[in-house]
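Numbering (our numbering), first residue to last: 1 to 534. Don't be surprised by glycine CBs; every beta carbon is placed ideally from N, CA and C. Here the structure is a predicted model, which means the values were calculated and not measured.
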């Protein structure tokens, strides 16, 4: 089948859509189109793929079947399932962050590689079950900057060797299934203190330093057969002083294609991110990305505008037809892997999944036990443990700090971090980024007016589009106050080990503390059982 130029360019576009079934459930209307518009993009424009966010695994199964039925051509269906399908879609397996597996490698590299490989296999199998065929993982950034607000625990670790070993193990696990894998974010987002979702970070390092630290995990994953590489929105003056990596021919062509020999799909990071959107129009960003060598344009604000802009650039001679055709050929090769018995011009429908198949395929006991083991073995603890409680009801406080209570799926009245202390008589105090600032005088009404024993629980990790530095300061202010009042009974941190490193020297050596890389209800349960010796 011969595609028109517009259809070819449309194949290069992956749009964002809600994983929920109905329009009234859409949470991000600026980025997630209603059904009629999404259907137009897939059916009439022939857009090549969709990236999905939100919803449950069961809903997603129906949703992906619907989207494939609308599509003019079989779709690549992607999701950022770096910690398993359950990270994005409730009900499937949600693994601890990659850094938890990296921490286990300090005890046994062989065991950590086993977990990373099994994690890849389970993620791939569950992805296929719900209709995903493109896993936007693993993260292969070397997180060597403790102040990194966006990578953080999403990375396997702080050395290129550790990241390479575990990322390639994850890919091995995925390779038993017809799914695409993605190494991200090239050439390495680990040494930044700025979130590219918000602004454009600058990597000031020399070519030699980049070759020694940032590039090895990409070289390793390329050698292991990763299907795609996602570009980072980073400015790297050693290679290109003008354009971010996503839009740089020097970085895409000379560094990724020629230097590392990568022949698979090059995909941009989301084009709606501030690092790009604040500096370029949607039209110019798309054209520059294609000129640079990107095969897939991820999350443009309006695919129709994007397609028309790239087609106009071809008509003007700015982009050659051969450049477009080369990308389309790579996309077709990728689709041939995930649709082995389907031609591009054939309609594709997923096999129907009834509830029994879903129940037998998702969150199986073996995967849940593996999650529990990783959480338990990567846990850190100290001080005088367990915390012995009197038999009379507690009169203390349970202060829980989280980045945004209105956008939090890990806490509720039923989750252990809330429910267990409440059962023991603690008064609940919830604090997030919307809480008013306070002075150490304690004048603010959100602060305790007495010196009741206080359990301080802090949920803090990297979150896209939300800089965590403000939350760290809120947690630090609370810690300062509780230490001043001599009322800190115990400290539990869920998420970033860098917050633990910051707080630990400040607390008395006898104060009980527990640290978990995870934040899920299972992580909460395990941490609090250790705290109280249950």
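Range of the contiguous alpha helix (DSSP H) that encloses residue i
i           : result
residue 290 : 282 to 292
residue 99  : 98 to 104
residue 299 : Premise fails: residue 299 is in no alpha helix (DSSP H) and is neither H nor E.
residue 331 : 321 to 338
residue 454 : That residue, residue 454, is in no alpha helix (DSSP H); its beta strand (DSSP E) goes 454 to 460.
residue 274 : 274 to 277
residue 125 : 109 to 130
residue 238 : It is not in any alpha helix (DSSP H) - residue 238 carries neither H nor E in the DSSP assignment.
residue 165 : 160 to 174
Nonlocal neighbours in the same chain, by C-beta distance under 6 Å from residue i, ignoring five residues either side
i           : result
residue 264 : 227 and 228
residue 465 : Here the model assigns residue 465 a pLDDT of 47, short of 50, so the residue's position is not dependable and the matter cannot be decided.
residue 294 : 266 and 268
residue 235 : 200, 202 and 244
When the options are compared against residue i, the one with the closest alpha-carbon
i           : options               : result
residue 37  : 12, 304 and 397       : 304
residue 47  : 147, 171, 70 and 435  : 70
residue 186 : 204, 268, 258 and 333 : 268
residue 245 : 326, 271, 261 and 222 : 271
residue 262 : 523, 208, 219 and 287 : 219
residue 337 : 397, 141 and 134      : 134
residue 128 : 512, 180 and 397      : 180
residue 493 : 400, 506, 436 and 454 : 400
residue 495 : 472, 507 and 483      : 472
residue 490 : 510, 481, 480 and 477 : 510
residue 88  : 377, 123, 223 and 421 : 123
Three-state secondary structure assigned by DSSP to residue i
i           : result
residue 144 : coil
residue 39  : helix
residue 12  : coil
residue 481 : helix
residue 381 : strand
residue 494 : strand
residue 18  : strand
residue 179 : coil
residue 582 : Coverage of the chain is limited to positions 1 through 534, which leaves residue 582 absent and any answer about it impossible.
residue 536 : Since the displayed the chain opens at 1 and closes at 534, residue 536 lies outside it and no answer follows.
residue 265 : strand
Cβ-based burial, residue i [other Cβ within 10 Å; buried from 16]
i           : result
residue 331 : buried
residue 156 : buried
residue 335 : buried
residue 518 : buried
residue 289 : buried
residue 486 : exposed
residue 184 : buried
residue 315 : exposed
residue 72  : buried
residue 317 : exposed
residue 345 : exposed
residue 537 : With the chain covering only 1 through 534, there is no way to say anything about residue 537.
residue 513 : buried
residue 413 : exposed
N-terminal and C-terminal residue of the beta strand (DSSP E) that residue i is part of
i           : result
residue 515 : 513 to 516
residue 526 : It is not in any beta strand (DSSP E) - residue 526 instead sits in the alpha helix (DSSP H) that spans 521 to 532.
residue 427 : 427 to 431
residue 51  : 49 to 53
residue 536 : The structure shown does not extend to residue 536, since the chain is modelled only from 1 to 534, so the question has no answer here.
residue 182 : 182 to 186
Beta-carbon proximity list for residue i, same chain, < 8 Å, skipping 5 on both sides
i           : result
residue 498 : 146, 147 and 152
Residues near residue i by beta carbon distance below 7 Å, same chain, minus five either side
i           : result
residue 445 : Annotation note: pLDDT 45 at residue 445 (below 50); position unreliable, coordinate value reported separately. Cβ within range, chain order: n/a, list empty.
residue 221 : 140, 167, 168, 171 and 183
residue 298 : 14, 51, 267, 268, 269, 270 and 271
residue 256 : 186, 229, 262 and 266
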